[in-house]
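In this note's numbering, the protein residues as written are 1 to 61.
The beta-carbon is built from N, C-alpha and C at its ideal position, and this holds for glycine as well.
For reference, the structure discussed in these notes is given below.
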Amino acid sequence: MVLTSVGLPVEGIALVAGVDRILDMMRTALNITGDSACCLCIDAMDKRRKARKGLKAGEAA
């Protein structure tokens with residue numbers, strides 16, 4: 001096994017896997033938050049652009 005070849009105990013993988021699960025959930029939440037914020041910004045910019053052109057919601061530019 002790779003862990004024993006580099007001198008690390010096999011029991012350490014359980015600790016790493018347990019901590020990584022929590023960190024992975026945090027990374028996922030941060031990714032979703034960033035994607036949502038980006039969508040909100042793009043929607044706001046699109047609404048302002050359409051308002052300047054005199055278009056209604058749903059109309060193509």
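- Message: Let's see if you can read the secondary structure: which residues bound the alpha helix (DSSP H) around G12?
- Response: 12-53
(request) Could you name the residues of the same chain whose beta carbon sits closer than 6 Å to that of M45, not counting the 5 residues immediately before and after it, in chain order? (result) none
Practice task
In angstroms with no decimal places, state the Cα-to-Cα distance between S5 and A17.
Solution key: 19 Å
**Study point:** R27 versus K56: straight-line alpha-carbon distance, rounded
**Key:** 38 Å
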